[in-house]
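Novice: Please find one structure pasted underneath; my questions will follow.
Chains as they are written, first to last, in my numbering: chain A, 1 to 82; chain B, 83 to 353.
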């Protein structure tokens with residue numbers, strides 16, 4: 001299955017965070033790679049979406065829709081504040 | 083470890099949403115909501131793609147390159163949602179989406195084959211701030227499209243024209259055949275501008291005497307089309323995942339700076 005990228009979850013993330021997140025830089029909690037959300041790998045052939053780091057391929061976010069509301073688990077990602 | 087802010091903590095702008103000073107920023111809604119658009123017109127672009135011209139009473143405007151989420155609801159309540167790039171320019175009166183029919187698709191066959199003028203379509207947007215070009219971003223601008231990956235570039239080219247931007251543009255557009263080239267007439271008209279260079283690459287069928295590229299794009303073609311890396315073109319690549327990997331990877335191998343390359347992948351799935 002081919003991966004998409006973080007552009008594909010722009011709407012769901014905007015619904016959850018209330019602002020566009022695609023240009024937000026996150027740091028992978030597994031390998032430390034920094035990337036904008038739009039650059040992450042997104043697998044969406046599932047009830048929701050699995051987001052992986054493009055470098056180490058570990059899961060950094062999971063999005064699921066429950067009763068019409070998008071829930072986001074982003075424990076694998078930290079905002080890379082300088 | 084790190085002092086980084088966790089992503090599930092809402093950014094300050096969201097926490098501010100209820101404060102009085104938000105009124106001055108009201109042009110940008112803080113919450114993304116679903117709205118109904120009325121289909122004004124359907125335009126056949128190629129045998130597999132159609133443009134949907136929409137009237138949206140509450141459209142907040144968009145930036146070139148952004149997309150919308152479209153949601154279909156079945157009579158039993160089942161919902162399916164997909165993202166589609168906006169084909170119209172920010173300065174255009176109506177919102178236009180161009181949709182390619184995927185044979186095993188859940189949403190696109192309905193949009194391409196069943197939708198009729200006067201129907202209502204539920205969508206939300208615009209969304210995405212990464213794959214966006216505005217005149218102030220400058221150039222030179224290198225656009226690389228595979229198949230319906232041309233759609234956001236039509237918005238960017240229309241915006242460039244409407245804004246009377248002098249930024250030089252090179253577009254490399256890969257399609258299966260000449261008949262599969264979306265917006266062909268419009269792109270050829272745009273290419274009359276000396277600062278706009280449009281090149282078609284055809285992967286499967288070529289008309290007799292075709293002098294353009296034959297076959298899939300490769301590093302040599304990318305090198306021929308792109309400005310040399312020292313000129314630091316701003317690059318946008320949009321297409322199926324494998325196409326984007328080839329194009330973006332080839333440009334990096336040719337010496338282009340990864341930070342100047344923005345990518346958007348599409349495929350048969352959505353969220």
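For glycine and all other residues, C-beta sits at the position ideal for the given N, C-alpha and C.
For residue 214 (chain B), is the classification buried or exposed, using 16 other Cβ atoms within 10 angstroms of its Cβ as the cut-off for buried?
Specialist: buried
Novice: Might you give, ordered along the chain, the residues of its own chain that have their beta carbon closer than 6 Å to the beta carbon of residue 250 (chain B), omitting 5 neighbours on each side?
Specialist: 221, 222 and 277
Novice: In whole angstroms, give me the CA-to-CA distance for residue 13 (chain A) and residue 291 (chain B).
Specialist: 48 Å
Novice: For the candidate residues B:169, B:152 and B:167, whose alpha-carbon lies nearest to that of residue 161 (chain B)?
Specialist: Considering only alpha carbons, the answer is B:152.
Novice: When the Cα atoms are used, what is the spatial distance from residue 50 (chain B) to residue 191 (chain B)?
Specialist: Lying before the first or after the last residue shown, residue 50 (chain B) is absent from chain B, which here runs from 83 to 353.
Novice: Among B:131, B:268 and B:238, which one has its Cα closest to the Cα of residue 317 (chain B)?
Specialist: B:238
Novice: Using a Cβ-Cβ cut-off of 6 Å (strictly less than) and excluding sequence neighbours within five positions of residue 236 (chain B), which residues of its own chain qualify?
Specialist: 169 and 265
Novice: State whether the region 328-345 of chain B contacts the region 304-312 of chain B, with contact taken as three or more CB pairs (one from each stretch) at a distance under 8 Å.
Specialist: yes
Novice: Residues in the same chain with beta-carbon distance under 6 Å from residue 362 (chain B), minus the five sequence neighbours each way, listed in chain order, please.
Specialist: Residue 362 (chain B) is absent from the structure shown; chain B starts at 83 and stops at 353.
Novice: Following the continuous beta strand (DSSP E) through residue 213 (chain B), name the residue where it begins and the one where it ends.
Specialist: No beta strand (DSSP E) holds residue 213 (chain B); DSSP gives it neither H nor E.
Novice: Look at the alpha carbon of residue 47 (chain A) and the alpha carbon of residue 70 (chain A), and state the distance between them as a whole number of angstroms.
Specialist: Looking at the two C-alpha atoms, the distance is approximately 11 Å.
Novice: Is residue 324 (chain B) close to chain A? Criterion is C-beta to C-beta, closer than 9 Å.
Specialist: yes
Novice: Please determine whether the Cβ atom of residue 301 (chain B) lies at a distance below 8 Å from any heavy atom of the ligand NAP.
Specialist: This structure simply doesn't include the ligand NAP, nor any ligand for that matter.
Novice: Using the three-state DSSP reduction, which class does residue 312 (chain B) fall into: helix, strand or coil?
Specialist: helix
Novice: Using a 10 Å radius around the Cβ and a threshold of 16 neighbouring Cβ atoms, would you call residue 56 (chain A) buried or exposed?
Specialist: exposed
Novice: Which residues bound the beta strand (DSSP E) around residue 301 (chain B)?
Specialist: Following the DSSP letters along the chain, one finds residue 301 (chain B) in no beta strand (DSSP E) but inside the alpha helix (DSSP H) bounded by residues 301-307.
Novice: Please compile the residues from chain B whose C-beta is within a distance smaller than 7 Å of the C-beta of residue 7 (chain A).
Specialist: 210, 212, 213 and 346
Novice: Taking Cβ to Cβ, would you say residue 284 (chain B) is nearer than 9 Å to residue 257 (chain B)?
Specialist: yes
Novice: Cβ of residue 218 (chain B) less than 9 Å from any chain A Cβ?
Specialist: Taking Cβ atoms only, chain A never reaches closer than 9 Å to residue 218 (chain B), which makes this a no.
Novice: At 7 Å on the CB atoms, spell out the chain A contacts of residue 114 (chain B), in chain order.
Specialist: Per Cβ cutoff of 7 Å: 11, 14 and 15.
Novice: In its own chain, which residues sit with a C-beta less than 6 Å from the C-beta of residue 280 (chain B), not counting the 5 before and 5 after it?
Specialist: Hits under 6 Å: 253, 269 and 273.
Novice: Alpha carbon to alpha carbon, how far is residue 193 (chain B) from residue 134 (chain B)? Give it in angstroms, no decimals.
Specialist: 8 Å
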